[in-house]
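The listed protein sequences derive, respectively, from chains A and B. Numbering of the first sequence is given in the working numbering, commencing with residue 6 and proceeding in unit increments. Numbering of the second sequence is given in the working numbering, commencing with residue 104 and proceeding in unit increments. Positions of the beta carbon are idealized from the N, C-alpha and C atoms, including for glycine. For reference, the structure is listed below as structure tokens.
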Amino acid sequence: MKLRATDLCKSFGRQTVLRDVNLNLDQVHALALIGPSGGGKSTLLRIMAGLEKPDSGRLDLNDREVIYREKELMAHRRSVGTVFQAFNLFPHLTALQNITLPLEKVHRYKPLEARQVAEEILERFQLSEHCHKPPAQLSGGQRQRVAIARAISIKPKLLLFDEPTSALDPEMTAEVLEVIEELRKEGRDLVLVTHQMGFAHRIADQIALLSGGQITECGPPSQVLDNPVSDTTREFLAKILKY
Amino acid sequence: MTTRTVQSWFWVSPDDRGKPIAWQVLILNWAFAFLLLALICFFSFSQLRYNWNWQTVGGYSGFFWRGWLNTLKISSLALILSTLIGMVAALARRSGFLALQAVSRLYVELVRGTPLLVQISFAFYVVADALHFQDRFTVGLFTLSLFSGAFISEIIRGGIESVGASQLESARAIGLTRFQTYRYVILPQAIRVILPALAGMFANLIKDSSLLSVISIEEFTWNAQQVSALTYSNFECYIPLAIGYLILTLPITLWTQWLEKRTRYET
């Protein structure tokens with residue numbers, strides 16, 4: 006995909022979260038956003054997902070500007086798949102219904118078609134036996150996999166992950182990361198906010214580090230993680246690698 | 104369903120709470136509760152020296168029937184109408200239009216803060232009179248529905264607000280419209296929170312309908328009062344009255360308990 010951010014600004018009240026963020030990536034398949042908490046990475050992802058409107062600046066996806074008006078945004082949100090940290094799924098619906106709801110109500114699938122699509126994806130993720138369980142009866146990792154299944158079921162042009170494993174223990178983290186890696190190998194375009202540096206290194210072809218509302222460094226993992234240029238990046242990496 | 108073996112006739116240990124209880128134990132303990140009730144009644148009435156006059160009152164059973172059916176009619180209509188009013192008021196309270204918010208707020212606070220008796224008199228003798236509208240039944244129905252609607256709107260609003268922000272965000276992210284979000288995400292989750300309070304409200308509504316007797320709507324209480332006046336008897340009218348209301352309110356409570364169980368899911 007082609008991703009271009011031009012002078013994106015966003016503040017909440019008096020707090021500036023993004024100041025003049027610029028990104029210019031021509032050929033990127035997996036972009037990882039890393040950086041300290043409060044650095045603005047989640048906000049940037051949410052702007053890409055159409056869940057937050059920038060105060061100024063523009064975002065272009067595959068040479069098309071994302072229009073931040075409710076009507077166009079709705080269409081944009083329907084064309085991307087977003088996975089959050091936790092509490093993605095609707096607790097009153099089964100795993101299967103969680104997937105068929107957007108297919109039927111948003112993408113106008115017939116109930117039977119929607120069911121078929123959902124069952125196929127759940128089977129692929131080895132979740133078939135759990136398809137009639139509500140989220141409360143699934144483990145954290147299974148829940149997150151169902152959430153990913155819901156996101157890809159609509160055939161999105163882009164997948165967005167906002168710290169998808171932050172609420173999970175190590176074992177479950179592994180099972181979710183495996184799924185994401187598999188999607189990456191399939192050639193799906195994705196943007197990922199993560200604290201898992203090793204994982205970012207393995208799957209991302211571009212890594213952007215956000216700190217203090219700005220991109221302090223952007224490039225391939227071998228540069229950003231192994232031979233960082235900026236001091237901010239070095240400090241950040243030193244801090245997280247210490248423990 | 105598995106029948107549990109009797110472990111204790113009178114106690115349930117903390118670990119067993121919420122699990123089904125053996126029917127023998129249930130019968131015994133319910134019998135105990137009814138026995139207590141019977142003792143209280145027996146003691147009170149035995150001190151009363153009251154000349155029971157069931158036969159005369161029995162001759163007026165037609166009054167009770169007609170009144171009971173009227174109460175059933177006005178309560179069920181008011182139940183539907185007040186739920187609708189409650190929903191509209193709750194949505195108005197949450198709308199982006201500030202004037203609408205203010206209207207909803209004023210309505211709820213005024214109605215909840217004043218006695219129904221005053222509202223009924225005011226609606227009938229002032230408002231309906233000014234509009235030259237004389238149909239008591241309709242005036243009564245609307246007043247009662249507006250009264251309950253105010254409470255119901257707060258119950259519904261509480262239920263809607265109990266649905267977490269992350270749920271709304273998920274709904275937005277998958278591209279549901281505002282209406283679809285209410286229909287498929289908020290309401291199904293809110294219902295669970297709303298039901299118990301709503302059941303209590305519906306039972307209240309049925310009992311509150313008795314106040315409509317002050318504008319001579321011929322409902323259950325009004326009829327019982329007529330019989331009481333015609334036969335110079337009190338308890339022979341009030342006891343059937345109490346039982347008549349119980350027959351209406353109990354099914355509602357039981358029905359919602361059943362619904363609650365059905366809509367239960369873990370979070």
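Own chain, CB closer than 8 angstroms to A/Val184, minus 5 neighbours either side, in chain order: For the purposes of this step, residue 184 of chain A is taken as the residue at position 179 of the first sequence. Closer than 8 angstroms at the Cβ level, and outside the excluded window around A/Val184, lie Phe130, Arg150 and Ile153.
Residue-level contact to chain B via CB, A/Phe92, 8 angstroms cutoff: Against the first sequence, residue 92 of chain A aligns to sequence position 87. By this cut-off, A/Phe92 is an interface position.
Buried versus exposed, by CB contacts within 10 Å (16 or more), B/Asp119: Along the second sequence, one-based indexing puts residue 119 of chain B at 16. That one is exposed.
Cutoff 6 angstroms; reference A/Thr178; Cβ partners in own chain excluding five residues on either side: Here residue 178 of chain A corresponds to residue number 173 of the first sequence, with the count starting at 1. Taking C-beta separations shorter than 6 angstroms and ignoring five residues to either side along the sequence, the partners of A/Thr178 in its chain run Thr170, following chain order.
N- and C-terminal bounds of the alpha helix (DSSP H) containing B/Leu373: Given a span of 104 to 370 for chain B in the structure shown, any question on residue 373 of chain B remains unanswerable.
CB contact check: B/Pro299 to chain E, cutoff 8 angstroms: As a matter of chain content, chain E is missing from the structure shown, whose protein chains are A and B.
Contact check, A/Met6 vs A/Asp194, beta carbons under 8 angstroms: Residue mapping note: residue 6 of chain A aligns to position 1 of the first sequence, counting from 1. Residue mapping note: residue 194 of chain A aligns to position 189 of the first sequence, counting from 1. Cβ atoms of A/Met6 and A/Asp194: closer than 8 angstroms.
Contacts around A/Leu127, its chain only, beta-carbon distance under 8 angstroms, and the 5 residues preceding and following it disregarded: Looking up residue 127 of chain A in the first sequence gives position 122. Ala100, Leu101, Ile104, Ser133, His135, Cys136, Val151 and Ala154, listed in sequence order.
3 or more residues per run - each beta strand (DSSP E) lying fully within the segment 115-171 of chain A: Complete beta strand (DSSP E) runs here, min 3: 163-167.
Bridge-paired residues (DSSP) for A/Glu183: As a first step, residue 183 of chain A must be located in the first sequence, where it is residue number 178. Note: A/Glu183 sits in no beta bridge, so no partner.
Option in B/Trp114, B/Arg365, B/Ser331 and B/Gly303 with minimal Cα separation from B/Pro354: The count along the second sequence starts at 1 and reaches residue 354 of chain B at position 251. The shortest Cα separation from B/Pro354 among B/Trp114, B/Arg365, B/Ser331 and B/Gly303 belongs to B/Gly303.
Contact list for B/Ala293 against chain A, beta-carbon separation under 9 angstroms: Indexing the second sequence from 1 puts residue 293 of chain B at position 190. The CB of B/Ala293 never comes closer than 9 angstroms to any CB in chain A; the least such distance is about 10 angstroms.
Cβ neighbours of A/Ala172 in the same chain (closer than 7 angstroms, five flanking residues each side left out): Position 167 of the first sequence, counted from the first residue, corresponds to residue 172 of chain A. Excluding positions up to five away in sequence, the list reads Gln90, Ala91 and Gly145.
For A/Phe17, the three-state DSSP class (helix, strand or coil): Position 12 of the first sequence holds residue 17 of chain A. Here A/Phe17 sits in strand by DSSP.
Partners in chain B for A/Val111, counting only beta-carbon separations shorter than 7 angstroms: The residue you call residue 111 of chain A lines up with position 106 of the first sequence. Residues of chain B with a Cβ closer than 7 angstroms to the Cβ of A/Val111 are, in chain order, Ile277, Gly278 and Leu279.
Three CB pairs or more closer than 8 angstroms across the segment 154-166 of chain B and the segment 328-345 of chain B: Of all C-beta pairs linking the segment 154-166 of chain B to the segment 328-345 of chain B, three or more are shorter than 8 angstroms, placing the two stretches in contact.
Beta-carbon proximity check, A/Leu8 vs A/Leu38, cutoff 8 angstroms: Locating residue 8 of chain A in the first sequence gives position 3, where the first residue counts as 1. Locating residue 38 of chain A in the first sequence gives position 33, where the first residue counts as 1. No; because the gap between Cβ atoms is not below 8 angstroms, this pair is not in contact.
Own chain partners of A/His81 with C-beta closer than 7 angstroms, once the 5 adjacent residues on each side are dropped: Taking the first residue of the first sequence as position 1, residue 81 of chain A is located at position 76. Cβ neighbours of A/His81 beyond the five flanking positions: Gly55 and Val71.
Same chain, Cβ closer than 7 angstroms to B/Leu182, neighbours up to 5 away in sequence not counted: Numbered from its first residue, the second sequence carries residue 182 of chain B at position 79. Once the five neighbours on either side are set aside, the close Cβ partners of B/Leu182 are Phe305 and Leu308.
Interface positions of the segment 251-285 of chain B facing chain A (Cβ-Cβ less than 9 angstroms), listed along the chain: So the list reads Gly267, Ser269, Gln270, Glu272, Ser273, Ala274, Arg275, Ala276, Ile277, Gly278, Leu279, Thr280 and Gln283, given in the order they occur along the chain.
The segment 111-126 of chain A touching the segment 284-298 of chain B, judged by at least three CB pairs closer than 8 angstroms: No, the segment 111-126 of chain A does not touch the segment 284-298 of chain B.
Supposed contact pair B/Leu314 and B/Leu219 - C-beta distance, whole angstroms, cut 8 angstroms: Here residue 219 of chain B is taken as the residue at index 116 of the second sequence, counted from 1. Here residue 314 of chain B is taken as the residue at index 211 of the second sequence, counted from 1. Between B/Leu219 and B/Leu314 the beta-carbon gap is near 5 angstroms, inside 8 angstroms, which marks them as a contact.
8 angstroms Cβ cutoff, A/Arg82 in contact with chain B: Taking the first sequence and counting its residues from 1, the one referred to as residue 82 of chain A is at position 77. Yes, contact with chain B.
Segments assigned alpha helix (DSSP H), at least 4 residues, entirely inside the segment 287-365 of chain B: 290-311, 323-334 and 338-365, all fully within the segment 287-365 of chain B.
DSSP-derived helix/strand/coil call for B/Met104: On the second sequence, residue 104 of chain B is found 1 positions in, with the first residue counted as 1. Interpretation of B/Met104 is limited by its pLDDT of 47, a score under 50 that renders its predicted location unreliable; the figure taken from the coordinates is listed afterwards. In this structure, DSSP gives B/Met104 a state outside helix and strand, which the three-state scheme calls coil.
Supposed contact pair A/Ile212 and A/Leu188 - C-beta distance, whole angstroms, cut 8 angstroms: Here residue 188 of chain A refers to the residue found at position 183 of the first sequence. Here residue 212 of chain A refers to the residue found at position 207 of the first sequence. About 18 angstroms separates the Cβ atoms of A/Leu188 and A/Ile212, ruling out a contact at the 8 angstroms cut-off.
Residue(s) in a DSSP beta bridge with A/Cys223: Here residue 223 of chain A refers to the residue found at position 218 of the first sequence. Beta-bridge pairing links A/Cys223 to A/Ala213.
Residues of the segment 94-127 of chain A with Cβ closer than 7 angstroms to any Cβ of chain B, in chain order: Correct list: Phe95, Pro96, His97, Leu106, Pro107, Lys110 and Val111.
Alpha helix (DSSP H) runs wholly inside the segment 174-262 of chain B, at least 4 long, in chain order: Those alpha helix (DSSP H) runs which fall completely within the segment 174-262 of chain B and span 4+ residues are 201-216 and 219-224.
Nearest-angstrom Cβ-Cβ length linking A/Glu186 and A/Ile208, presumed shorter than 8 angstroms: Working through the first sequence from its first residue, we reach residue 186 of chain A at position 181. Working through the first sequence from its first residue, we reach residue 208 of chain A at position 203. About 5 angstroms separates the two Cβ atoms, so the contact holds.
Residues that B/Val296 contacts on chain A, provided the C-beta gap is smaller than 8 angstroms: Indexing the second sequence from 1 puts residue 296 of chain B at position 193. Chain order gives no chain A residues near B/Val296, where near means a beta carbon separation below 8 angstroms; the closest approach is about 12 angstroms.
Within 7 angstroms of chain B by C-beta, residues of the segment 45-62 of chain A in sequence order: Residues of the segment 45-62 of chain A with a C-beta atom less than 7 angstroms from some C-beta of chain B are Ala54 and Leu56, listed in chain order.
Beta-bridge pairing of A/Glu70 - partner residues as DSSP gives them: Your numbering for residue 70 of chain A matches position 65 in the first sequence. Answer is A/Asp65.
DSSP bridge partner residues for A/Ile39 (one or two, in chain order): To locate residue 39 of chain A, count along the first sequence from 1; it is residue 34. According to DSSP, which records beta bridges pairwise, A/Ile39 is partnered with A/Leu214.
Terminal residues of the alpha helix (DSSP H) in which B/Val160 lies: Taking the first residue of the second sequence as position 1, residue 160 of chain B is located at position 57. Here the alpha helix (DSSP H) through B/Val160 covers Trp157 to Gly161.
Classification of B/Gln292 by the beta-carbon crowding that lies within 10 angstroms, buried from 16 upward: Taking the first residue of the second sequence as 1, we reach residue 292 of chain B at position 189. Buried is the call here.
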